[in-house]
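First comes the structure, then the notes that go with it.
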Amino acid sequence: MMELKIVAAVVVKAEYQEELEKVFHNVVDGTHTEEGNISYELHQDIKNPLKYTFIEVWKSQAAIDSHNESAHFKAFVSAIEGKIDSLTVDVMKKIY
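So my numbering is basically just the index in the sequence shown, starting at one, shifted up by 35.
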C-alpha cells in the first residue's frame, strides 16, 4: 500500500471568509474520522489570509476515492461553489 499526499490550496472571496472557515473546519473534523485518512490539516497563508491550504496524507488512492464520496466532502464542495477565487489540488507520492 502506497501513501499519497494531497496539497490543496483554495483562495476564498473575502466576503465569504468567515463562512468558509466554518465549512473548512467541518470537512477537517469529518475527515479525521475516516479509516483511510492518516492526517488532514488546514493552514492559512501568512501573507494572504484569504489563502488556505489543506495538507492531507492518505493510506491509498482507494481511501481518497472514499473520501471524495463522503457526505462531509460533498458538503464542502457544494459550500465553496461560487465563493472562491481559485482551487489547486496536487496529489503526490513520496519517492525519496
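The beta carbon of each residue, even a glycine, is placed where N, CA and C say it ideally should be.
Close-in-space but distant-in-sequence residues of the same chain around residue i (CB under 8 angstroms, 5 per side omitted)
| i | result |
| --- | --- |
| HIS60 | LEU77 |
Bounding residues of the beta strand (DSSP E) (the contiguous stretch that carries residue i)
| i | result |
| --- | --- |
| ILE115 | Here ILE115 belongs to no beta strand (DSSP E); instead the alpha helix (DSSP H) covers 106 to 115. |
| SER144 | No answer is possible for residue 144: it lies beyond the span of the chain, which begins at 36 and ends at 131. |
Counterpart residues of residue i in DSSP-defined beta bridges
| i | result |
| --- | --- |
| GLU54 | DSSP, once it has assigned bridges, lists no residue as partnering GLU54. |
| HIS78 | THR88 |
| ASN72 | TRP93 |
Local Cβ density within 10 Å of residue i, reported as buried at 16 or more and exposed below that
| i | result |
| --- | --- |
| TYR131 | exposed |
| GLU50 | exposed |
| THR66 | buried |
Contact under 8 angstroms by Cβ, residue i with residue j
| i | j | result |
| --- | --- | --- |
| ILE73 | GLU38 | yes |
| VAL58 | ALA106 | no |
Residue interval of the alpha helix (DSSP H) (run including residue i)
| i | result |
| --- | --- |
| LYS44 | The amino acid occupying residue 44 in the given sequence is Ala; Lys does not appear at that position. Note, ALA44: premise wrong, no alpha helix (DSSP H); beta strand (DSSP E) at 39 to 47. |
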